[in-house]
Each structure stands twice: as C-alpha cells, then as structure tokens.
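Number of protein chains: 2
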Amino acid sequence: MSKRPLDKTDIAILAALYKDARMNNKDIAELVGLAPSTCLERIKKLQSELVIKGAQLNVDFQALGGNIQVMISIRLADHSRTTINTFQKQLALLPEVISLYHMGGENDFLLHASLGDTEHLRDFVFNAITARKEVNHVETALIYDQINGTVLPKV
Amino acid sequence: MSKRPLDKTDIAILAALYKDARMNNKDIAELVGLAPSTCLERIKKLQSELVIKGAQLNVDFQALGGNIQVMISIRLADHSRTTINTFQKQLALLPEVISLYHMGGENDFLLHASLGDTEHLRDFVFNAITARKEVNHVETALIYDQINGTVLPKV
DNA sequence: GTTGAAACAATGTGGCG
DNA sequence: CGCCACATTGTTTCAAC
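This is how it looks when you write it as structure tokens:
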C-alpha cells in the first residue's frame, strides 16, 4: 500500500462519503467543486489504493430483533498465534457479532454484539464464549448508546 | 419507530448493503430477485422507517495518518445526565474519535480512536480526557486488528 | 409486483490549461 | 498531469398495468 499524500480534495471526498457512503458521484463532485468525471476518477483511485476499503450500512439492529448491544471483554488462556486466529475467525462468523477487536493489554478480545434479549445474551455468552476451552475470563458490559465521529481531518 | 416485521427480501437487501453499501440498486435487485423498481421502493421504505440509518465508508485510517487505533475506557466521577451528555457531545467532535460508546458497568465510556503515533496518543489522552475535571479513571488498550461481522440474520 | 420510457448519472475520450 | 466538456452507456425512477 503506497503512502501517497492525500490532498484537500481527496480528504473532502472521503469526508463526504464517510458521512454518507451512498451519496452519488455527481453530488460529491458538486460538494467538493470538481467536474463529475474528475471526481469519479479520484474516487476510483482511492478505491484502487485501498484508502477506501468499502462501505457499510448503518442498520437499526433493533429493527432486526437486536434489542441489546454489548461489549464483551475476553481473555484467553493461551496466546499462540493459532489459538488467536482460530478464535477470531470462528467468532466473527456468529450472527450476533458486529465487530471483533483483537487487543493488546489485559483483554485479548473485545466483542461488539447485538442480541435479542437478556436470555439470548446469556446463552450467547455461555455457548459461544465461556464454553470454549481457551477462554479464561469474560466480562460483559451493556452499551447504552453509540455516537460516531463525523469527520476525518488529520492531514 | 414502528416494528414492522421484515421479510426475507428485506433482510437480503440489508445484508447486501451491509456488505457493500455502495452497491447499486440494479445489482441488489438482481441479487435478491426483484425488479429494480420494486427493490428501490423497498430500500426507500427501509430508509424512511430508519431501519437503514445511513451508510459509512470504511476508510483506511493509516492512509489518513492514523497509524494506531485504541480503545479508551473512561470512568466519570459524576453520573448526572448533564455531565454524561456534555462529555459525550464534546468528545464525539474530536477528529481522533471514531466512535464513542456510552456503557453500563464499571466504565462509563468506551472511546474508539485513531491516532498518528504514540506521542499523539499521549497528548490526546492528556489533553482531551484526563484534563477534564469529571474524568476519574482512564485506561487505554491498543487495537491490533478488527474484524467485522458479515451478516445480519436474526429474523 | 412488473415492464418500459423518460430523466438522470456514470463513465470514457479527447482537448485545454 | 490534472481538470473539464461532451457523448455514450447504463441506472434510476415513474407511470401504467
């Protein structure tokens, strides 16, 4: 991945798409003050350079039956690469999992999940996490609310 | 927010857009087996019902000078609504902040941030967090790696 | 829920600063 | 070399069914 410095226009494009990834090219072009063709060229370039890695929908998990969200801190007994990799790959596939962070520090993983109710949460923690031999410690914290940052300046 | 039950097609549309929010309507329609017009109608409906709350770009933070990502656990001294709200609103505006979670449990907030280097991290923690009178305890953990879940079944 | 036509956006080419 | 204008192709969108 090259380290091309991004100019103001690139940042403006990224900021626009960060706020609304479904914005169309014509509107972005207008917003950043470029002709549509030029703007598209830049977006394509950012994509090919993997500065833009994709785009994800913000779904209302509640509408999908996920009435509670939690962060689960997990410590493993064994920190070998295979254990970590296997754990990570298998857990990321579970439908309850929104994100799985591999961490440095006391806890090895932080798991962001959406669950239907507290019973579902209990079952999930037991069946998917504490049932695993390599898991040493689990701590669940409820998420009340999430706010996303809006901008990406820093250049 | 109404609680209309989503059918298989709605879920399929959401799943497609969750994987790639920039997918166009024609391709989604084809994928889920609908005519483009019908598919668009459903997407519009999901948007107006706020099942779809938006879409966010997956940016390579490294390309933007964010070489490290951290999760910072924060405890406040005072849990009044005003203190919490003010803290949340002000911190969410900082350019380093990716997400800010208001939590139940021991820690009041979990802050996901992207920083240029360790010095930037140190300054950020001091200036933006520990410098605040209402902050009681701060704990920073490095993120090695993040995996996002791929599907949203659960209906 | 579909089809089809008109309106609009995406995209490639060639030309300008 | 990056930008723009324009022409072509493809997508969105709305009406009638």
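As they're listed, the protein sequences go chains A and B. Reading the first sequence from the start, the letters are residues 1 to 155 in the UniProt record's numbering. Reading the second sequence from the start, the letters are residues 1 to 155 in the UniProt record's numbering. Ideal Cβ placement from N, Cα and C applies to all residues, glycine included.
### Message
Is valine 155 of chain A close to chain B? Criterion is C-beta to C-beta, closer than 8 Å.
### Response
Walking along the first sequence from the start, residue 155 of chain A turns up at place 155. Here valine 155 of chain A scores only 47 on pLDDT, less than 50, and its place in the model should not be relied on; the value that follows carries that caveat. Yes, its Cβ sits closer than 8 Å to a Cβ of chain B.
### Message
Could you compute how far the alpha carbon of valine 155 of chain B sits from the alpha carbon of proline 95 of chain A?
### Response
For the purposes of this step, residue 155 of chain B is taken as the residue at position 155 of the second sequence. For the purposes of this step, residue 95 of chain A is taken as the residue at position 95 of the first sequence. No answer about valine 155 of chain B holds up, because its pLDDT of 46 lies below 50 and its placement is not dependable.
### Message
Taking beta-carbon pairs under 8 Å, can you tell me which members of the stretch 99-123 of chain A lie near chain B?
### Response
Residues Ser99, Leu100, Tyr101, His102, Met103, Gly104, Gly105, Glu106, Asn107, Leu110, Ser114 and Gly116.
#### Entry: Proximity test, Cβ basis, 8 Å: arginine 132 of chain B and chain A
By one-based count along the second sequence, residue 132 of chain B stands at place 132. Taking CB atoms only, arginine 132 of chain B has no neighbour in chain A less than 8 Å away.
### Query
Considering only C-alpha positions, which residue in the set B:Asn24, B:Leu31 and B:Ala21 is nearest to threonine 9 of chain B?
Residue mapping note: residue 9 of chain B aligns to position 9 of the second sequence, counting from 1. Answer by Cα proximity: B:Leu31.
### Query
With a Cβ-Cβ cutoff of 8 Å, do leucine 111 of chain A and valine 97 of chain A count as a contact?
As a working mapping, residue 111 of chain A is identified with position 111 in the first sequence. As a working mapping, residue 97 of chain A is identified with position 97 in the first sequence. Their beta carbons are under 8 Å apart, which means leucine 111 of chain A touches valine 97 of chain A by this criterion.
### Task
Consider the Cβ of valine 125 of chain B: report whether some Cβ of chain A lies at a distance smaller than 8 Å.
As a working note, residue 125 of chain B is residue 125 in the second sequence. Taking a beta-carbon distance threshold of 8 Å, valine 125 of chain B does not count as an interface residue toward chain A.
### Message
Which residues does DSSP list as the beta-bridge partners of histidine 79 of chain A?
### Response
Position 79 of the first sequence holds residue 79 of chain A. DSSP, once it has assigned bridges, lists no residue as partnering histidine 79 of chain A.
### Task
To the nearest angstrom, report how far apart glutamate 41 of chain B and lysine 19 of chain B are at their CA atoms.
Against the second sequence, residue 41 of chain B aligns to sequence position 41. Against the second sequence, residue 19 of chain B aligns to sequence position 19. Rounded to the nearest angstrom, the two C-alpha atoms are 20 Å apart.
### Task
Could you work out which residues of chain B lie near aspartate 60 of chain A, taking near to mean beta carbons separated by less than 7 Å?
By one-based count along the first sequence, residue 60 of chain A stands at place 60. Ordered by position in chain B, the residues that pass the 7 Å Cβ test against aspartate 60 of chain A are Leu50, Val51 and Lys53.
### Message
For the pair the stretch 76-95 of chain A and the stretch 48-60 of chain A, tell me if three or more CB-CB distances fall below 8 Å.
### Response
Contact check between the stretch 76-95 of chain A and the stretch 48-60 of chain A: fewer than three CB pairs, one atom from each, fall below 8 Å, which does not count as touching.
### Query
Quick one: is serine 73 of chain A buried, meaning 16 or more other Cβ sit within 10 Å of its Cβ, or exposed?
Here residue 73 of chain A refers to the residue found at position 73 when the first sequence is read from its first residue. The residue is buried, with at least 16 neighbouring Cβ atoms inside 10 Å.
### Query
Going along the chain, which unbroken runs of the beta strand (DSSP E) with 3 or more residues stay wholly within the stretch 99-136 of chain B?
109-115, all fully within the stretch 99-136 of chain B.
### Message
Is there a C-beta anywhere in chain A that falls below 8 Å from the one on alanine 128 of chain B?
### Response
Counted from its first residue, the second sequence places residue 128 of chain B at position 128. No, alanine 128 of chain B lies away from the interface with chain A (no Cβ there is under 8 Å from its Cβ).
### Task
Run the CB neighbour count on phenylalanine 126 of chain A, radius 10 Å, all protein chains shown included, and call it buried at 16 or more, exposed below.
The sequence position of residue 126 of chain A within the first sequence is 126, counting from 1. So phenylalanine 126 of chain A ends up on the exposed side.
#### Entry: CA nearest to the CA of leucine 64 of chain A, picked from B:Ser80, B:Ala12 and B:Asn148
Start at 1 with the first residue of the first sequence, and residue 64 of chain A comes out as number 64. Nearest to leucine 64 of chain A by alpha-carbon distance, out of B:Ser80, B:Ala12 and B:Asn148, is B:Ala12.
### Query
Where DSSP assigns a beta bridge to asparagine 148 of chain A, which residues make up the other side?
Position 148 of the first sequence, counted from the first residue, corresponds to residue 148 of chain A. According to DSSP, asparagine 148 of chain A bridges with B:Ser99.
### Query
Would you report the Cα separation of arginine 132 of chain A and isoleucine 84 of chain A, rounded to the nearest angstrom?
Residue 132 of chain A sits at position 132 when you count from the first residue of the first sequence. Residue 84 of chain A sits at position 84 when you count from the first residue of the first sequence. About 12 Å.
### Query
How big is the Cα-Cα spacing for isoleucine 143 of chain B and glycine 33 of chain B?
Working through the second sequence from its first residue, we reach residue 143 of chain B at position 143. Working through the second sequence from its first residue, we reach residue 33 of chain B at position 33. In this structure, the alpha-carbon of isoleucine 143 of chain B lies about 40 Å from that of glycine 33 of chain B.
### Task
Look at the Cβ atom of alanine 141 of chain B, then the Cβ atom of asparagine 67 of chain A, and state whether they are nearer than 8 Å.
One-based indexing of the second sequence puts residue 141 of chain B at position 141. One-based indexing of the first sequence puts residue 67 of chain A at position 67. Not in contact: alanine 141 of chain B and asparagine 67 of chain A (Cβ atoms no closer than 8 Å).
### Message
Checking the sheet assignment: what are the DSSP bridge partners for serine 48 of chain B?
### Response
Within the second sequence, the letter at position 48 stands for residue 48 of chain B. In the DSSP assignment, no residue is bridged to serine 48 of chain B.
### Task
Check asparagine 58 of chain B in the structure and name its three-state DSSP category.
What you label residue 58 of chain B is simply residue 58 of the second sequence in a count that begins at 1. In this structure, asparagine 58 of chain B counts as strand in the three-state DSSP scheme.
### Cβ separation of glutamine 146 of chain B and serine 99 of chain A, assumed to be a contact under 8 Å, to the nearest whole Å
For the purposes of this step, residue 146 of chain B is taken as the residue at position 146 of the second sequence. For the purposes of this step, residue 99 of chain A is taken as the residue at position 99 of the first sequence. Yes, they are in contact, since the Cβ atoms of glutamine 146 of chain B and serine 99 of chain A sit about 6 Å apart, within 8 Å.
### Residues in the stretch 8-21 of chain A having any Cβ partner in chain B nearer than 7 Å
Cβ contacts with chain B: Leu14, Leu17, Tyr18, Asp20 and Ala21.
### Three-state secondary structure assigned by DSSP to alanine 15 of chain B
Against the second sequence, residue 15 of chain B aligns to sequence position 15. In the structure shown, alanine 15 of chain B adopts helical secondary structure according to DSSP, grouped into three states.
### Task
Report the option in A:Met71, A:Ser80 and A:Asn148 whose CA atom is closest to the CA atom of isoleucine 129 of chain A.
As a first step, residue 129 of chain A must be located in the first sequence, where it is residue number 129. Answer by Cα proximity: A:Met71.
### Message
Can you check which of these residues, B:Ala16, B:His79 and B:Pro36, is closest to asparagine 25 of chain B by C-alpha distance?
### Response
By 1-based counting over the second sequence, the position of residue 25 of chain B is 25. Comparing Cα-Cα distances from asparagine 25 of chain B to each of B:Ala16, B:His79 and B:Pro36, the minimum goes to B:Pro36.
### Message
Rounding to the nearest angstrom, what Cα-Cα distance links asparagine 136 of chain A and methionine 23 of chain B in this structure?
### Response
Along the first sequence, read from residue 1 onward, the residue named residue 136 of chain A stands at position 136. Along the second sequence, read from residue 1 onward, the residue named residue 23 of chain B stands at position 23. Distance from the CA of asparagine 136 of chain A to the CA of methionine 23 of chain B, rounded to the nearest whole angstrom, comes to 41 Å.
### Query
In the DSSP assignment, what are the bridge partners of methionine 71 of chain A?
By 1-based counting over the first sequence, the position of residue 71 of chain A is 71. Its beta-bridge partners are A:His112 and A:Ala141.
### Message
Please confirm whether glutamine 90 of chain A has its beta-carbon closer than 8 Å to some beta-carbon of chain B.
### Response
In the first sequence, counting from the first residue as 1, residue 90 of chain A sits at position 90. Taking CB atoms only, glutamine 90 of chain A has no neighbour in chain B less than 8 Å away.
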